[in-house]
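Here's the structure we're looking at; comments come further down.
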Amino acid sequence: HYHDIGILEPAHIDPDTGYRFYDTGQVDHAHIIRRFRSLGMSIPDIKALLSTDDAGARTEIITTHLEQMEAALAQTRDTVGALRELLAPTSPPTDVTLRHEPALAVWSISAVIDVSEIDDWFAAALRTLHQAVATAPGAPDATVPGGLYERALFLEQQGRATMFVPAPPSIDPPEGVQAEVLPGTEFAVLTHPGGHDGIDRSYAALGIYVNEHLISSQGPIREHYVGGTRTDPARFTATEICWPIFSTTTPPE
């Protein structure tokens, strides 16, 4: 194989049997190939490494391979952690709370999107709303943005998503932003630390809890993004996941 791709040519090939013979002068060359193969380097990279006498070029090839291996290691660690969580016994979260969200006047941006587009759409919509509120007279110094997501977005990979912020008082929204009133709704709420990294596990835990202890209601899932700042509105300290429920009791004040 190494002969076929030109990184270890045999000293002699028997014309009758095709058997390849190597001499002792090729031992070091073969050892280098074996060493870098054991370190996970690809054949093309080894060939490039051996074909140059430039120490700087060799360093660059090895450094690039090291970075690739480090990235693969980080991904493997994340995968192992996720698999361990799947194997660990799952207990229902103890910090689920019931909450009544009253009707709320908001500025919003909505679109029907594919789930693969959600990150880019989210960032663009949040940026637009943040700029709209920042230039509105009488706007508060800080607002907590939120999102509404149809179940179809997760179940069918496409659905309606809405980003919103509480509406500044007595002013119409700018072009491209809608004014609407979110209806009062009962929610089961679970707070996920940070932004959207790992939020699927918090969603799963809340969904299990609602299914086992409450009655799920129709309507979109709602999220509140807590801890963003004017200079970095997309960096949240927590995300409240609000699952609509059919309440049979009066929520605590």
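In our numbering, the protein residues as written are 2 to 254. Glycine residues also receive a C-beta, built at the ideal position from the N, C-alpha and C atoms.
- The beta-carbon distance between I216 and F188, rounded to whole angstroms, is 13 Å. This is too long to meet the 8 Å contact definition.
- The beta carbons of D115 and Q158 sit closer together than 8 Å.
- With a 10 Å radius around the Cβ and a threshold of 16 neighbouring Cβ atoms, P194 comes out exposed.
- The criterion of a C-beta distance shorter than 8 Å is satisfied by W108 and V166.
- Taking G199 as the centre and dropping the five residues before and after it, the same chain places the C-beta of H193 closer than 8 Å to its C-beta, in chain order.
- The region 133-144 makes contact with the region 165-179; the number of CB pairs closer than 8 Å reaches 3 or more.
- Assigned with DSSP and collapsed to three states, T60 falls in helix.
- Secondary structure note for E187: its beta strand (DSSP E) is the uninterrupted segment T186 to P194.
- Taking T230 as the centre and dropping the five residues before and after it, the same chain places the C-beta of A143 and R236 closer than 8 Å to its C-beta, in chain order.
- Annotation for A106: the continuous beta strand (DSSP E) segment containing it runs L105 to D115.
- For G208, the closest of P45, V97 and T53 by C-alpha to C-alpha distance is V97.
- For H225, the closest alpha carbon among the candidates A56, I62, A49 and L127 is that of L127.
- Bounds of any beta strand (DSSP E) do not take in V211; it lies within the alpha helix (DSSP H) bounded by I200 to H214.
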